[in-house]
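Here the structure comes first, spelled out in structure tokens, and everything after it is commentary.
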Amino acid sequence: MTFPVKLYCWHFMAYPHLPADFDERYDTGWVTVPNRLWDAQKSRGLYQQYIDQLAYGDELGFDGMVLNEHHQNIYGLMPSPNLIAAALSQKTKRGKIVILGNLLPLHLSPLRIAEEYAMLDNMSDGRLIAGFAPGSGPETFNYDVPSASSREQFWEAVELIQRAWTQDGPFCFEGRHYPLRYVNPWPRPTQQPHPPIWIPGSRSRETLAEIARRGYCYFFSSRSHGKETAKSQQQFAKVLDEHGKSYQPFRMGILLSAYVAETDAQAQAEAKDGVWYFLKNCLKGHLRREGRQLTFGPGIPYIPPEEFRSYLQFSDPTTPLLGDAENWDDLQQSASIIVGSPETVANRIMEILAHAQVGHLLIQFHLGNMADALTRKSMRLFASEVAPRLRAESTQLFTRAFPDMERQLAAEMAT
Amino acid sequence: MLDIQGRKVAVIEAGAGDPLVYLHGFADVHGVAADLQPFHQRLAQAARVIAPAHPGCAGTDELAGGCSIEDVLFHYLEVLDALRLPRFDLVGHCVGGWIAAELAVRHPERVARLALIGACGLFVPGAPIGDVFMHAQPERGVDYTTLRSLLFANATAPVALRFFPDGRGDIEEEMRRYQMLRFGSFVGFKPPYFYNRALIERLHRARMPACVIWGEHDGMVPRAHGDAYVAGLNGTDGLRIVNGAGHAAPLEQPEATAGIVREFLAKHLGRAPANR
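The listed protein sequences correspond, in order, to chains L and B.
Here the numbering used here is used: the first residue of the first sequence is 68, the next is one more, and so on.
Here the numbering used here is used: the first residue of the second sequence is 2, the next is one more, and so on.
Set out below in structure tokens:
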């Protein structure tokens with residue numbers, strides 16, 4: 068039995084019709100970006116186009132499709148990823164549907180998420196991967212989630228959902244935030260005991276410890292993959308170790324963006340508009356110094372004080388972020404958006420895997436306002452020329468590094 | 002440090018005389034400054050000033066499992082008991098003013114005289130309290146101009162730049178501000194945003210002499226809130242304005258702000274804590 072890297076298509080569903088002078092005229096793409104910029108006429112058919120791109124990924128043989136939840140921004144037009152997942156469940160037959168994730172503290176009751184995810188698992192015949200996230204800066208402003216207490220609320224919600232799926236009802240849930248007298252959801256999930264659970268995290272040790280303890284998959288929510296990614300994988304491996312478990316690549320996923328064309332030069336020429344629209348507009352307010360970044364910082368005090376102290380000690384507020392890249396060289400440095408020929412893209416992804424042995428690669432193909440035809444061509448070339456190499460080489464890599472993986476996976480399945 | 006059921010509470014005391022409990026705001030002692038500032042020292046010339054730090058701030062332990070305004074009020078009852086203060090004068094600024102008003106309507110028998118400075122706590126339709134959290138996120142990663150504009154009449158005044166400098170500041174000072182914002186997030190991030198809709202109807206219970214003080218250019222808590230406190234409380238002499246100050250009046254105009262408080266206390270000498 069071999070275990071190649073799993074390759075997923077991630078679609079953020081950016082708003083593609085911003086005016087050309089957006090960056091000069093508006094200080095953010097998040098929370099307060101004026102929604103009079105929404106062009107209802109130009110946006111007709113937009114969701115259909117994006118859903119069809121994901122379904123095309125399924126046809127091309129990707130292992131799954133990835134969705135996530137964002138609110139009141141131009142970066143991701145999916146306030147409800149579950150609606151898109153429902154559409155995909157009917158348009159596709161094969162790949163996993165990964166929702167990464169529902170932002171639990173934004174919902175009135177986590178029971179509703181347990182119910183919707185169970186419906187999606189049934190509607191897709193057991194293809195759901197259930198992601199849960201607490202939300203970060205923008206959501207605290209959009210939905211008034213009091214950030215200092217959202218973490219505690221989040222883990223209680225996760226607990227409630229997992230018990231709702233696995234424990235026979237009706238039972239009484241004695242939570243602090245979500246007490247419920249009758250937990251008894253119909254339907255129950257198709258996958259037993261429950262769909263795989265993925266949790267994003269980056270800075271918090273507490274999050275890693277919870278993921279390790281509960282046996283979930285860790286999604287490292289960084290867009291850049293320099294030394295930090297390897298460090299994060301090693302940190303997670305150490306935390307698993309402390310919990311009497313051991314790391315194997317399918318305990319962890321990362322996000323990459325890629326554009327593939329026939330040659331490096333052609334790839335840069337074709338990707339240029341979409342990439343720079345994404346960096347300068349979609350990341351403004353998120354991963355860009357220009358304007359007001361709302362993702363992380365003192366105004367969103369959700370991380371415990373000691374973790375904030377170490378962030379202050381080890382970070383420099385003037386370090387450029389992904390969206391501050393000024394040219395292709397800067398972009399190359401961040402190992403985030405990989406643009407090039409099939410050979411270049413495969414080599415660069417294998418470099419990342421050599422340093423951080425991660426089993427789930429979640430790949431964003433559509434960037435900013437990228438044209439449908441170019442997005443599809445890039446996905447097609449990736450599937451036919453990059454994916455086979457990644458699968459073969461990762462199999463060798465993982466087999467060498469994790470000789471015991473088959474037994475480990477079997478043991479994890481059994482628990 | 003006080004010990005309340007195993008929780009540490011940081012308290013600074015200065016001066017002698019009638020006990021005056023001071024509940025701090027954002028741009029204030031414990032919020033941004035480690036020590037009493039000239040405003041508090043001026044008060045301490047006329048009273049025994051007792052300034053506890055809110056849960057999480059300046060070495061005071063956070064309350065387990067977060068804290069709502071109700072949890073904070075109960076916490077302060079325990080603090081006041083531990084300090085053996087059956088009766089005291091109460092002065093509060095910003096969020097400290099909100100806590101002071103809530104204590105005064107619940108326990109009017111314990112509060113001898115009440116002074117509120119730029120106090121939040123009330124819901125006033127059409128006059129929302131400014132979003133200190135959004136503005137605490139710097140522009141370009143380093144620029145706190147809009148936060149200083151929210152809190153100070155002059156965003157480039159030395160005192161504004163001293164306590165809210167651009168760029169990465171001293172780590173201990175950054176942490177003090179972070180803890181203050183974290184406390185603020187527990188009690189005022191989600192609706193109600195630093196207010197309690199029920200408070201305005203309860204203000205009549207605070208029958209002690211009261212003084213409501215507002216910075217002339219308060220950009221965080223609109224002056225309409227000061228007017229609403231004056232209308233709801235019984236014993237005020239109208240809204241007292243600190244000229245040239247913003248929300249951080251005690252830091253910006255310490256002499257004038259402390260002068261108004263001391264004049265108020267002197268006028269109601271007969272109602273001092275010792276004279277029940």
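C-beta: ideal position from N, C-alpha, C; glycine also.
None of these values were measured; they are calculated from a predicted model.
Residue i CB to nearest chain B CB: under 8 Å?
i	result
Ser377 (chain L)	no
Gly358 (chain L)	yes
Gln139 (chain L)	no
Gly274 (chain L)	For clarity, residue 274 (chain L) is Thr in the given sequence; the question names Gly instead. False, the Cβ-Cβ gap to chain B never drops below 8 Å.
Gly364 (chain L)	yes
Leu155 (chain L)	no
Leu361 (chain L)	yes
Pro368 (chain L)	yes
Pro201 (chain L)	no
Pro246 (chain L)	no
Pro83 (chain L)	no
Pro101 (chain L)	no
Pro372 (chain L)	yes
Measuring CA to CA, which of the options is closest to residue i?
i	options	result
Tyr117 (chain L)	L:Val412, L:Thr442, L:Met190, L:Val306	L:Thr442
His261 (chain L)	L:Gln335, L:Ala231, L:Val133	L:Ala231
Asn155 (chain B)	B:Cys58, B:His218, B:Cys121	B:His218
Glu226 (chain L)	L:Gly204, L:Trp253, L:Ile180	L:Ile180
Tyr245 (chain L)	L:Pro172, L:Pro256, L:Leu428	L:Pro172
Glu173 (chain B)	B:Leu86, B:Gly32, B:Leu252, B:Gly97	B:Gly32
Phe96 (chain B)	B:Arg85, B:Val73, B:Glu110, B:Asp90	Checking the sequence, you will find Val at residue 96 (chain B) rather than Phe. The option with the nearest alpha carbon to Val96 (chain B) is B:Val73.
Leu429 (chain L)	L:Asn135, L:Pro470, L:Ala87	L:Asn135
Ala105 (chain B)	B:Gly233, B:Phe265, B:Leu240	B:Gly233
Ala200 (chain L)	L:Leu457, L:His427, L:Leu187, L:Tyr283	L:Tyr283
His269 (chain B)	B:Ala101, B:Ala54, B:Pro210	B:Pro210
His248 (chain B)	B:Gln42, B:Ile13, B:Ala120, B:Asp4	B:Ala120
Met135 (chain B)	B:Gly98, B:Val125, B:Gly189, B:Arg169	B:Gly189
CA-CA distance, residue i and residue j?
i	j	result
Val213 (chain B)	Val231 (chain B)	7 Å
Trp97 (chain L)	Gly268 (chain L)	21 Å
Glu273 (chain L)	Arg194 (chain L)	29 Å
Ser186 (chain B)	Tyr142 (chain L)	26 Å
Leu340 (chain B)	Gln138 (chain B)	Since the first residue of chain B shown is 2 and the last is 277, residue 340 (chain B) is not available in this structure.
Asn244 (chain B)	Tyr93 (chain L)	35 Å
Gly131 (chain L)	Met190 (chain L)	16 Å
Asn197 (chain B)	Ala325 (chain L)	50 Å
Leu167 (chain L)	Arg149 (chain B)	37 Å
Val30 (chain B)	Gln38 (chain B)	7 Å
Arg177 (chain B)	Pro166 (chain B)	14 Å
Arg218 (chain L)	Ser451 (chain L)	42 Å
Gln6 (chain B)	Lys158 (chain L)	60 Å
Phe153 (chain B)	Pro223 (chain B)	13 Å
Ile278 (chain L)	Phe240 (chain L)	21 Å
Pro109 (chain B)	Ala207 (chain B)	5 Å
Ala47 (chain B)	Glu374 (chain L)	42 Å
Ala421 (chain L)	Glu460 (chain L)	10 Å
Leu322 (chain L)	Val412 (chain L)	14 Å
Phe363 (chain L)	Gly142 (chain B)	10 Å
Phe89 (chain L)	Lys351 (chain L)	10 Å
Glu418 (chain L)	Glu393 (chain L)	23 Å
Under 8 Å, Cβ to Cβ, is there at least one residue of chain L near residue i?
i	result
Arg141 (chain B)	yes
Lys9 (chain B)	no
So, under 8 Å CB-CB, residue i and residue j are touching, yes? Tell me the CB distance rounded to an integer number of Å.
i	j	result
His94 (chain B)	Gly26 (chain B)	4 Å
Pro20 (chain B)	Asp90 (chain B)	7 Å
Ala1 (chain B)	Val262 (chain B)	Residue 1 (chain B) falls outside the range modelled here, since chain B spans only 2 to 277, and no answer is possible.
Gln327 (chain L)	Leu448 (chain L)	One detail in the question is off: residue 327 (chain L) reads as Val in this sequence, not Gln. Confirmed, Cβ separation roughly 4 Å.
Ala113 (chain B)	Pro274 (chain B)	4 Å
Ser291 (chain L)	Ser403 (chain L)	5 Å
Tyr179 (chain B)	Pro368 (chain L)	6 Å
Pro252 (chain L)	Glu182 (chain L)	5 Å
Near-chain L residues of the stretch 169–184 of chain B - C-beta to any C-beta below 7 Å: Against chain L - using a Cβ distance shorter than 7 Å - the residues of the stretch 169–184 of chain B are Arg169, Ile172, Glu175, Met176, Arg178, Tyr179, Gln180, Leu182, Arg183.
What are the residues of the stretch 378–410 of chain L that lie near chain B, defined by any Cβ-Cβ distance shorter than 9 Å? Within the stretch 378–410 of chain L, the qualifying residues are Leu379, Gln380, Ser382, Asp383, Pro384, Thr385, Thr386, Leu388.
Members of the stretch 160–186 of chain L that neighbour chain B once the beta carbon cut-off is set at 8 Å
Hits within the stretch: zero.
For the stretch 123–137 of chain B, which residues have a beta carbon sitting closer than 9 Å to at least one beta carbon of chain L? Only those residues of the stretch 123–137 of chain B whose C-beta falls short of 9 Å from the nearest C-beta of chain L are listed: Asp132, Val133, Phe134, Met135, His136, Ala137.
ask   = Going along the stretch 187–201 of chain B in order, which residues come within less than 9 Å of chain L, judged by CB to CB distance?
value = Here the close residues are Phe187, Val188, Gly189, Phe190, Lys191, Pro192, Tyr194.
**Asked** In the stretch 242–271 of chain L, which residues sit with their C-beta less than 8 Å from some C-beta in chain B, listed in chain order?
**Response** Listed by position, the residues of the stretch 242–271 of chain L near chain B (Cβ gap below 8 Å) are Arg243.
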